[in-house]
Structures are given as structure tokens and as C-alpha cells.
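A.B. asks: Respectively, the protein sequence lines represent chains A, B, C and D.
Its first residue numbered 1, the first sequence is counted upward by one per residue in the working numbering.
Its first residue numbered 204, the second sequence is counted upward by one per residue in the working numbering.
Its first residue numbered 407, the third sequence is counted upward by one per residue in the working numbering.
Its first residue numbered 610, the fourth sequence is counted upward by one per residue in the working numbering.
There are 4 protein chains.
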Amino acid sequence: MAKLSEEQKLARRLQILNAGWRCFDRNGLHATRMDDIIAEAGLSAGAVYSYFKNKDDLVQAALTTSMQGLAQTLRPILDNESPPPPVELLESIAEAIEAFTKRDGFDLKRIALLGWAESQRDPKLKAAMQAFYDAFLGQLAGCVTRWKAAGLFGASTEEAPLARALLALLLGYTVQAAVIGGLSPGILRAGVEFLISQHRASP
Amino acid sequence: MAKLSEEQKLARRLQILNAGWRCFDRNGLHATRMDDIIAEAGLSAGAVYSYFKNKDDLVQAALTTSMQGLAQTLRPILDNESPPPPVELLESIAEAIEAFTKRDGFDLKRIALLGWAESQRDPKLKAAMQAFYDAFLGQLAGCVTRWKAAGLFGASTEEAPLARALLALLLGYTVQAAVIGGLSPGILRAGVEFLISQHRASP
Amino acid sequence: MAKLSEEQKLARRLQILNAGWRCFDRNGLHATRMDDIIAEAGLSAGAVYSYFKNKDDLVQAALTTSMQGLAQTLRPILDNESPPPPVELLESIAEAIEAFTKRDGFDLKRIALLGWAESQRDPKLKAAMQAFYDAFLGQLAGCVTRWKAAGLFGASTEEAPLARALLALLLGYTVQAAVIGGLSPGILRAGVEFLISQHRASP
Amino acid sequence: MAKLSEEQKLARRLQILNAGWRCFDRNGLHATRMDDIIAEAGLSAGAVYSYFKNKDDLVQAALTTSMQGLAQTLRPILDNESPPPPVELLESIAEAIEAFTKRDGFDLKRIALLGWAESQRDPKLKAAMQAFYDAFLGQLAGCVTRWKAAGLFGASTEEAPLARALLALLLGYTVQAAVIGGLSPGILRAGVEFLISQHRASP
DNA sequence: GATGAATGAGTCTTCATTCAT
DNA sequence: AATGAATGAAGACTCATTCAT
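#1: Whether or not the region 12-27 of chain A and the region 36-52 of chain A are in contact is what I'm after, with contact meaning three or more pairs of Cβ atoms, one per stretch, closer than 8 Å; do they touch?
#2: Measuring CB atoms only, is the region 139-149 of chain A touching the region 81-92 of chain A, in the sense that at least three cross pairs come out at less than 8 Å?
#3: Using C-beta distances below 6 Å, list every residue in its chain close to B:Val262, excluding the 5 sequence neighbours before and after it, in chain order.
#4: Along chain C, in chain order, which residues have C-beta atoms closer than 7 Å to that of D:Ile796?
#5: Using the Cα positions of B:Leu328 and A:Leu78, report the straight-line distance between them to the nearest angstrom.
#6: From the DSSP output, read off the bridge partner residues of A:Asp107.
#7: Taking all protein chains shown into account, do 16 or more other C-beta atoms lie within 10 angstroms of the C-beta of A:Gly115, making it buried, or fewer, making it exposed?
#8: Can you tell me the Cα-Cα spacing of D:Leu775 and C:Thr563, whole angstroms?
#9: Three-state secondary structure (DSSP) at C:Ser525?
#10: Given 7 Å as the limit, tell me if C:Phe512 has its C-beta closer than that to any heavy atom belonging to the ligand ZN.
#11: Would D:Gly629 pass as an interface residue toward chain C - the criterion being a Cβ-Cβ separation below 8 Å?
#12: Taking only the alpha-carbon atoms, compute the straight-line gap between C:Ala451 and D:Glu649 and give it to the nearest angstrom.
#13: Could you tell me how far apart the beta carbons of D:Ile789 and C:Tyr539 are, in whole angstroms, since I believe they sit closer than 8 Å?
#14: In terms of alpha-carbon separation, which member of A:Ala135, A:Asp57 and A:Ala127 lies closest to A:Leu70?
#15: Kindly list the residues whose CB is nearer than 6 Å to the CB of A:Thr101, restricted to its own chain and excluding five residues on each side of it in sequence; keep chain order.
#16: Do the CB positions of A:Ala168 and B:Leu391 come within less than 8 Å of each other?
#17: Less than 8 Å between the C-beta atoms of D:Val784 and D:Val696, yes or no?
#18: Excluding five sequence neighbours on each side, which residues of the same chain lie with their C-beta closer than 7 Å to the C-beta of A:Gln198?
#19: Run through DSSP, which three-state label would A:His199 get?
#20: Rounding to the nearest angstrom, what Cα-Cα distance links B:Thr267 and B:Ala331 in this structure?
#21: List the residues of chain C whose Cβ lies closer than 9 Å to the Cβ of D:Gln669, in chain order.
#22: Please state whether the Cβ-Cβ distance between A:Gly172 and B:Gly375 is less than 8 Å.
#23: Please check if any C-beta of chain C sits within less than 8 Å of the C-beta of D:Phe715.
#24: Taking just the CA atoms, how far does D:Leu746 sit from D:Ala769?
#25: Give the single residue among A:Trp147, A:Glu6 and A:Ile111 whose Cα lies nearest to the Cα of A:Trp21.
#26: Can you look up A:Ala178 in the DSSP assignment and give me helix, strand or coil?
#27: Decide if D:Ser728 is buried, meaning its Cβ has at least 16 other Cβ atoms within 10 Å, or exposed.
#28: Can you confirm whether D:Gly781, when its beta carbon is compared against all beta carbons of chain C, has any partner nearer than 8 Å?
#29: Enumerate, from N- to C-terminal direction, the unbroken alpha helix (DSSP H) stretches of 4 or more residues contained entirely within the region 529-575 of chain C.
#30: Of the residues C:Phe430, C:Thr479 and C:Glu413, which one's Cα is nearest the Cα of C:Ala505?
#31: From A:Asn27 to A:Leu43, what does the alpha carbon distance come to, in whole angstroms?
#32: Among the residues of its own chain, which have a CB less than 7 Å from the CB of D:Leu626, if the five just before and after it don't count?
#33: Spatial neighbours of D:Gly763 within its chain, please: CB distance less than 8 Å, with the 5 preceding and 5 following residues excluded, ordered by chain position.
#34: Can you tell me whether C:Met407 is buried or exposed, with buried defined as 16 or more other CB within 10 angstroms of its CB?
#35: Under a Cβ-count criterion, where at least 16 other Cβ atoms within 10 Å of its own Cβ denotes burial, should C:Ser608 be classed as buried or exposed?
#36: C:Asp528 to C:Asp463, Cα distance in whole Å?
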């Protein structure tokens with residue numbers, strides 16, 4: 001049989017990854033059997049095992065590929081030299097997340113939940129996850145710095161806690177979208193706008 | 204072995220639940236073997252199985268008991284007739300969560316992550332989870348109503364989106380605490396305070 | 407607690423045996439759990455085990471007691487000095503079997519089937535069964551001898567094969583009654599009468 | 610391991626069935642462990658489970674395959690347009706049963722007893738068994754009809770009861786062969802011949 | 001005597017992975 | 001390169017029996 005080109009290999013790998021995501025979305029990481037993924041991919045066991053060393057390898061790839069893709073998607077928004085105000089930034093990140101995670105037959109937000117759970121017991125995954133979120137926090141902190149420079153926040157505003165709060169909103173958005181449903185970037189934005197609208201004692 | 208009193212049975216059940224929580228915290232829901240829990244509980248297989256029909260039953264109980272306990276813990280805070288302003292409310296809820304979830308040998312926040320993941324594939328659990336969070340959202344919306352009555356928010360403030368945002372902050376707090384670490388109720392509070400401090404165009 | 411009289415003990419034993427028969431009838435020998443019998447008898451585990459050494463002992467007792475009871479029931483019919491002709495004898499034996507085996511909540515004919523199956527793997531039971539059927543065959547052979555003496559059969563008639571055929575009819579009656587249903591002593595009698603009515607070449 | 614042909618699969622299935630029959634013959638349906646069958650078949654657990662869903666499935670197959678095979682074996686004898694007289698028919702059926710059931714390392718007559726017992730608690734098996742015996746009875750009744758047409762029996766002879774009696778003889782033959790031993794088709798034939806030889810009042 | 005909670009060896013079944021063809 | 005049959009270790013659960021109270 002003809003040798004596969006590098007390109008074909010990558011496509012095949014993605015095909016398996018997609019099958020994995022679909023299965024994981026449906027049944028979780030552990031309850032999904034290799035046979036499920038094999039059947040969903042429409043390949044043979046041997047074929048799948050020639051692309052991934054074992055189940056753990058495939059799980060890692062499914063999770064990290066997802067994270068890397070999201071990081072790449074969010075980069076232009078987060079690295080924006082003059083980021084829009086928090087509320088708008090949050091909404092556009094949420095919309096980017098939504099666009100990136102909504103796939104045919106699965107939703108990467110749901111996969112993210114699986115990844116968080118799995119990271120509790122898998123140190124390698126935990127490290128990857130921390131690196132991803134540390135970078136995310138760093139980018140958010142950068143936005144805060146630029147907001148301060150632009151006069152949107154006072155000089156005493158600390159980057160780290162605010163970045164944490166912003167990340168919390170996005171993470172909490174993801175949990176609600178996956179577990180409860182009924183949430184959209186617009187609603188999140190509205191909620192945060194209402195929160196900020198809290199009456200303050202005049203100076 | 205005399206007939207066990209209802210009280211003794213409950214204590215034994217809790218003993219098994221604690222063993223389960225410890226094991227789940229350590230190794231996740233699926234990778235934890237019944238034997239792990241049995242050994243951790245210091246009982247025999249038969250004894251454990253006389254309190255829980257099967258592994259799934261124990262998992263359900265571990266997850267729902269945890270949710271119910273938290274709901275009960277938060278009730279006085281959330282049903283407060285004159286709730287403190289958002290920032291303080293968030294901090295005190297986060298502190299209550301912290302106090303409730305930090306256990307000997309495990310952390311129920313980590314268990315919550317496992318529950319979210321599991322709820323993706325278990326409809327019964329998903330329903331329980333939705334009921335829990337719907338109630339939570341309802342209580343938060345109640346706080347918003349009372350804040351509006353107290354003049355803290357304008358009349359046009361909508362309860363639902365704001366409740367969603369507040370829940371997102373708490374959920375995101377939980378994820379960060381479990382997955383990244385380095386977060387405390389105080390830091391969350393500070394972050395939200397900074398967020399609210401955003402300069403606004405004067406009216 | 408007061409000491410039980412011999413009589414009470416026997417009654418209690420029979421109570422357990424009845425529970426056993428009911429359970430065995432419902433679910434077979436092996437699929438019936440001791441707990442089933444214990445619950446059906448309305449006793450405690452300890453109580454049952456004070457009457458029967460273990461499950462095998464109870465099974466043996468259930469099976470042999472049933473056989474002994476039937477042997478005793480059939481004795482007057484089989485030891486009759488001037489037995490009625492074969493067809494009538496068969497019908498009255500079948501009727502006696504019917505009367506003996508039809509119980510409240512179970513049917514000892516069905517238990518007999520379980521016993522035959524079990525005797526394939528339990529040498530002790532097999533021996534008991536062979537003794538029972540050997541005695542049965544002996545009694546039937548005795549009837550044949552008396553029929554010959556009474557001129558009902560020719561002198562060349564052999565006892566053993568005829569006894570075997572008669573026993574086969576009764577055993578086959580039992581199987582059909584238990585497995586297919588729709589059989590009664592009267593139908594069996596009619597069938598054998600028709601069989602005997604076969605036209606013979608005149609001498 | 611290339612793809613197995615349908616033929617190879619059937620052979621493999623039969624190999625497992627044979628192992629099952631041997632084990633069941635030796636130790637009964639319930640006391641036989643899957644590991645016994647697996648070892649007897651010389652396969653791995655997984656291999657056996659790829660041919661039979663579970664133990665119950667294998668038991669069903671062992672029992673029904675046996676019945677189907679017997680039905681097929683007896684068909685030419687039972688559907689014979691001019692059946693030999695009852696005594697000869699019985700003998701030839703018994704001989705066919707003997708030839709069909711006597712296998713290498715087991716005896717399907719003994720398995721039949723296990724099947725009757727099991728059918729008491731398994732509705733699916735009970736239905737299969739009833740269908741099998743109903744067909745058998747129908748074929749025997751057909752023989753009676755043909756005997757009547759041939760003048761061997763009077764016009765008033767009823768098919769059903771006679772068929773029942775004939776079936777009883779064959780079933781009783783099976784029980785005796787399996788439980789007591791010492792019976793052969795020839796002895797059964799002799800017994801029935803003696804039974805029919807009963808002196809009758811001349812017309 | 002009676003109870004019924006506890007034990008733990010024993011079974012069925014699954015599923016990740018391999019490798020002969 | 002590709003296949004998919006075979007492996008077998010691992011894990012959930014049951015149930016006969018005991019014995020402390």
C-alpha cells in the first residue's frame with residue numbers, strides 16, 4: 001500500500017482526534033473505550049494505534065490540542081495593544097470561545113470540564129493546564145496594565161487579582177454553559193455590566 | 204453484632220462516603236476502584252455494598268451529598284434579608300465554600316470538578332446538578348432584588364444576568380482553586396473590587 | 407429463651423423446607439440464595455443454620471424428603487396384593503403423584519426435575535435417587551409378577567423391561583406436566599389405553 | 610490474524626459449544642464456571658466472549674442447539690409417510706436419540722435434564738422448549754393418523770393422548786438413562802411390547 | 001436461643017493492546 | 001501498511017457462612 005504523505009497523516013490524526021472528541025463529549029474520558037473511538041473514526045484498531053501510542057496518549061492529545069487551539073484563537077484578542085474595556089473584552093473572548101468550541105457533534109467546552117477533572121489525577125496534564133492558564137492570566141494582566149495606561153483603571157489597581165477575576169468569569173461561563181446551559185456571551189456581558197453599575201459613594 | 208441503630212447506620216454510611224471522597228480526590232471517579240474505597244473505609248466489600256447498591260450509587264451519593272451539604276451551608280448567607288454588597292457577599296460565600304469543602308484528606312472543590320465532568324454523561328446526576336444550580340441562581344437573584352430595594356442597584360438592573368455573573372465568579376473561583384491554585388476568597392474579592400473600580404464617564 | 411420441644415423443632419424444620427421448596431420451584435436450586443429461603447421462611451440466618459448445616463444440606467433434605475414422602479404415598483398402591491390392570495394402576499399412581507406434589511406455592515414435580523439435574527453432579531444425591539428408583543422399579547416388577555399370576559400377562563413376560571416401561575410413562579408424565587403442561591392422569595391413561603388397543607394379528 | 614471466514618467462525622462457535630456441553634455434563638449449568646469452559650475450549654476469555662454475549666447466552670445456545678439438532682435428526686423418522694408400528698417407531702426414535710446424544714466426553718441426554726430444570730426459571734428457554742415439544746407431539750400425532758389410516762388403530766383412537774403417551778415413554782427413557790442407567794432402546798421396546806401383550810377379553 | 005451485620009473468597013465480564021497474516 | 005482476532009489482567013459484585021451481642 002502506498003506510503004501516506006505527511007499531509008495525509010496529519011489529516012488522519014485529526015480524524016481520530018475528532019472521533020475522540022465526539023466520544024469523550026458523549027461518554028467522558030474513562031467510559032469511552034478505544035473501540036468506540038476506533039468505530040467512530042471508521043478505522044481499524046491498528047490504524048489508530050499507529051497514530052497514538054495508547055489511550056492515554058490520545059487523551060492527552062485531545063485535551064492539549066484543544067487547549068493549544070484555543071490559546072491560538074484568543075491570542076489576537078488578548079495581545080491587542082489597546083484592548084477594549086473589560087466588559088467588551090470579556091464578551092469578545094466568550095464569543096471567540098463559543099466559536100472555537102462549538103464543533104460538529106461535540107462541544108470543546110464540555111471536553112474542557114473533562115480535562116479539569118482529569119488534571120486532578122494526571123500530573124502531566126496538570127502541568128500543561130497550569131501552563132495554559134498561567135499564560136492566559138499573564139495575557140489578562142497585560143490587558144490590565146494597558147487599561148491602567150489608558151486611564152481606565154487607577155494606578156493602584158493590581159494586575160493579578162483583576163486577571164483572576166476576569167478568568168473566573170470566563171471559567172464560570174464555561175461551567176455554566178456546559179452544566180446548566182442557558183448562558184451566552186451577551187448575557188455574561190450584561191451581568192458584568194450590571195455588576196459594575198453598582199452605585200458608589202461619590203468621592 | 205447486634206442490630207445497628209439508625210444513627211449508627213448513618214455514621215457508617217458517612218464513613219464510607221468519606222473514604223469515597225478521599226479516593227475520588229486522589230484518583231478521580233473512574234480510576235478509583237471499589238477496593239480502594241473499601242480499604243480506605245477499613246471495611247469489607249460486603250459491608251460497603253450493604254450501604255451502597257453499587258459503585259455508581261456510591262458515586263451519586265458522594266456527589267449529591269456534597270452538593271446538598273453545600274446548599275445547606277450557604278442557605279443562611281444567601282437567604283439573608285439584607286445581603287451585604289456584591290463584593291462582600293462573594294467573599295463570604297467563597298469563604299463558606301472554602302470552609303465547607305476543605306476536609307481531612309480531600310477537598311470537595313476538586314470533587315465538584317469530577318461531578319461536573321460526570322454530569323456530562325449521567326442524566327440523573329445532570330438533573331440533580333441543574334436543580335442545585337438553578338436554586339443557587341434563584342437565591343442570588345433574590346439578593347439582587349434586595350440590593351435593588353436597598354438602592355444599591357438601579358431599577359433597570361436585571362436579576363438573572365447579574366446572578367449568572369456572580370455564579371460565574373464563584374464557579375470560576377472553584378476551577379482556579381482546584382486546577383491552578385493560588386486563589387483565595389480575599390484575592391477574588393480584590394479582583395472584583397478592582398473590576399468595579401473601573402472609571403466611568405460621569406453622568 | 408425457652409427451649410423448643412422436639413415437636414416444635416420438627417415443625418420449624420418443615421417450615422424451612424417449605425420455604426426452600428417454594429424458592430427452588432421459583433428459581434431453581436442454584437439461583438436460589440440462602441437469603442431467599444431465610445426471608446421466605448420468615449426466620450433469621452442463624453435460625454435456619456441451626457436446622458441445616460449448610461445450603462447443600464438443605465438442598466439434600468428438600469430433595470430426599472420429597473422422594474421419601476412420595477415413596478410412602480405410593481407404597482399402598484404399589485404393594486397392593488392384587489393390583490389393578492396396568493392402565494388403571496398407572497392412572498392411580500399418577501393421581502397419587504399429582505395429589506402429593508401439588509402444594510401451596512410450589513409443585514414437587516418441578517422440584518423433581520431439579521433433583522434429576524442435580525443428581526448428575528452430586529454423587530450422594532445420585533445414590534439416593536438410584537435407591538429410590540430401584541425400589542420403585544422393584545415394586546413395579548412385583549406388580550408384574552402378580553399380574554402374571556393373575557393371568558393378565560403370559561408367563562414369558564419379563565418383569566424388568568415392563569417395569570421400566572411403566573416407570574418411563576410415569577417419569578415422562580412428570581416431565582410433560584412440568585415442562586409442557588396440559589397433561590393429566592386421565593389423558594395419560596387414555597393414551598396408554600389407545601396404545602394397547604393396537605390391532606394384533608390373530609393367533 | 611486475518612479475517613475469519615463465516616465457516617471458521619461457525620467451527621469456533623461449535624468448539625466452544627462442545628466445551629460447554631462437556632463442562633455442563635460434568636458439573637451442571639450453574640456450577641460450571643466460565644473459566645472451566647474457557648479452559649476446556651482452549652481459548653482465552655475474550656475469545657469466548659466474542660462468540661457468546663455472556664454465560665446465559667452460552668447456556669441458551671448449548672441447550673437450544675442441542676434441541677434443534679435432535680429435531681433435525683428425528684425429522685425423517687417422524688415424518689415417515691408409512692411409519693412402522695408404535696413399538697418399532699419408539700425403538701428407532703430411542704436409537705436415534707442415543708446416536709445423537711452420545712458424544713465424545715458428554716451425553717446430551719444428561720444436558721436435556723439440565724435444560725428441563727433450567728426452563729423452570731427461564732421463560733425464554735421454557736418457550737423454546739415448549740415449541741420443541743409441541744412440534745414433537747404434532748409429529749407423533751401425525752404418525753397416529755397414518756397408523757389409523759393403515760388400519761393399525763381403530764377410528765376412535767385419539768391422536769393427542771396417544772402422542773402424549775409415546776412422548777412420555779421417550780422422555781421417561783431419557784430420565785432413566787441419565788439418572789438410573791441400565792436402559793437401552795431394546796429394553797424399552799421389550800417393555801412396551803410386554804405392555805401391549807396384555808391379555809384382552811375377546812370381542 | 002436468636003439475631004443479622006460482617007466477611008472475603010469466588011465469578012463474571014470488560015477492554016487496552018498486540019501481532020500474525 | 002492495514003486489519004481485526006486474540007489475549008488476559010483487572011475490577012465490580014455476590015452470597016454462603018459465621019459469631020459478637
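Ideal placement from N, C-alpha and C gives every residue a C-beta, glycine not left out.
Just so it is clear, the structure is predicted and the values come from calculations on it, not from any experiment.
C.D. replies: On the basis of the coordinates in this document:
#1: The answer is yes - the region 12-27 of chain A touches the region 36-52 of chain A, with three or more Cβ pairs under 8 Å.
#2: yes
#3: Leu232
#4: What D:Ile796 touches in chain C, judged by beta-carbon distance under 7 Å, is Pro567 and Arg570, going in chain order.
#5: 36 Å
#6: A:Lys102
#7: buried
#8: 21 Å
#9: helix
#10: In the structure on display, the ligand ZN does not appear, and there are no ligands present to speak of.
#11: no
#12: In a straight line, the C-alpha of C:Ala451 is about 37 Å away from that of D:Glu649.
#13: 5 Å
#14: A:Ala135
#15: Asp107, Leu108 and Lys109
#16: yes
#17: no
#18: For A:Gln198, there are no CB contacts under 7 Å within the same chain when 5 residues up- and downstream are skipped.
#19: coil
#20: Rounded to the nearest angstrom, the gap between the Cα atoms of B:Thr267 and B:Ala331 is 7 Å.
#21: Correct list: empty, because the minimum Cβ distance to chain C is about 15 Å.
#22: yes
#23: No, its Cβ sits nowhere closer than 8 Å to a Cβ of chain C.
#24: 8 Å
#25: Of the candidates A:Trp147, A:Glu6 and A:Ile111, A:Ile111 places its Cα closest to the Cα of A:Trp21.
#26: helix
#27: buried
#28: yes
#29: 529-555
#30: C:Thr479
#31: 20 Å
#32: The beta carbon of D:Leu626 lies closer than 7 Å to those of Ala670, Ala671 and Thr674 in the same chain, with the five residues before and after it left out.
#33: Excluding residues within five positions, the ones whose Cβ falls inside 8 Å are Lys757.
#34: Since pLDDT at C:Met407 reaches only 48, below the 50 mark, its modelled position is unreliable, and no value is offered.
#35: Note that C:Ser608 scores 49 on pLDDT, short of 50, meaning its location in the model is unreliable and no value can be drawn from it.
#36: If I take the Cα positions, the gap works out to 12 Å.
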